[in-house]
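Colleague: Per my numbering, residue 10 is the first one in the sequence shown, and the count goes up by one each step. Beta carbons: idealized from backbone N, C-alpha and C, even for Gly. Sharing a structure here in structure tokens format.
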Amino acid sequence: MNHYETVFILNPVLSETQIEETVKKFEDFLIKNGAKMVAKENWGLKKLAYPIQHKKSGFYHLFEFTAPGEAIEPFELEFRRDERVMRFLTVRLDKHAIAWAEKRRTKLKTSA
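Below is the structure:
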């Protein structure tokens, strides 16, 4: 089981319920494929550095999870098939990135 982090940007014209529905869909997909969720973050509506699909903003979400390597390809295929997702990026975290992510999470919890 590897440690992964996925950031994805959802279309800004979606309603709150559509966003929650989409996030739940991807979370359920991961769990169904043997992943364990470590953390989820909703970064909210952010301005994009450059237009994507003629949009200037998007809803950012972050998933941090552990999963077998073979679960990533179908997960990313699901992102490509969903028209609500504008961009996504999945990276495997090494031990330093895992430590940094844990430190960031604890800092977020204490400041909130």
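Express the C-alpha separation of Gly53 and Tyr59 in angstroms, rounding to a whole number.
Modeller: The sequence position of residue 59 within the sequence shown is 50, counting from 1. The sequence position of residue 53 within the sequence shown is 44, counting from 1. Roughly 17 Å between the two C-alpha positions.
Colleague: Would a C-beta distance cut-off of 8 Å place Tyr69 and Val32 closer than the cut-off?
Modeller: Within the sequence shown, numbered from 1, the residue matching residue 69 stands at position 60. Within the sequence shown, numbered from 1, the residue matching residue 32 stands at position 23. Against a cut-off of 8 Å, the Cβ pair of Val32 and Tyr69 comes out as no contact.
Colleague: Please work out which residues of its chain come closer than 7 Å, Cβ to Cβ, to Asn51, disregarding the five sequence neighbours upstream and downstream, and give them in chain order.
Modeller: Indexing the sequence shown from 1 puts residue 51 at position 42. Answer for Asn51: His70, listed in chain order.
Colleague: Could you say if the region 27 to 42 and the region 70 to 90 meet the contact criterion of at least three C-beta pairs nearer than 8 Å?
Modeller: As far as the Cβ criterion goes, the region 27 to 42 touches the region 70 to 90, which means the pair count is three or higher.
Colleague: Between Gln62 and Met95, what straight-line distance do the alpha-carbon atoms span, to the nearest angstrom?
Modeller: Here residue 62 refers to the residue found at position 53 when the sequence shown is read from its first residue. Here residue 95 refers to the residue found at position 86 when the sequence shown is read from its first residue. Answer to the nearest angstrom: the Cα atoms are 7 Å apart.
Colleague: Given a cut-off of 8 Å, decide if Met46 and Phe72 are closer than it, judged by their beta-carbon atoms.
Modeller: Working through the sequence shown from its first residue, we reach residue 72 at position 63. Working through the sequence shown from its first residue, we reach residue 46 at position 37. Yes, the pair counts as a contact, with Cβ atoms nearer than the cut-off.
Colleague: Spell out a yes or no on whether the region 18 to 30 and the region 106 to 118 are touching, meaning 3 or more CB-CB pairs, one atom from each, closer than 8 Å.
Modeller: No, they do not touch.
Colleague: Do Leu57 and Lys65 have their beta-carbon atoms positioned less than 8 Å apart in this structure?
Modeller: Within the sequence shown, residue 65 is the residue found at index 56, counting from 1. Within the sequence shown, residue 57 is the residue found at index 48, counting from 1. Going by C-beta atoms, Lys65 is nearer than 8 Å to Leu57.
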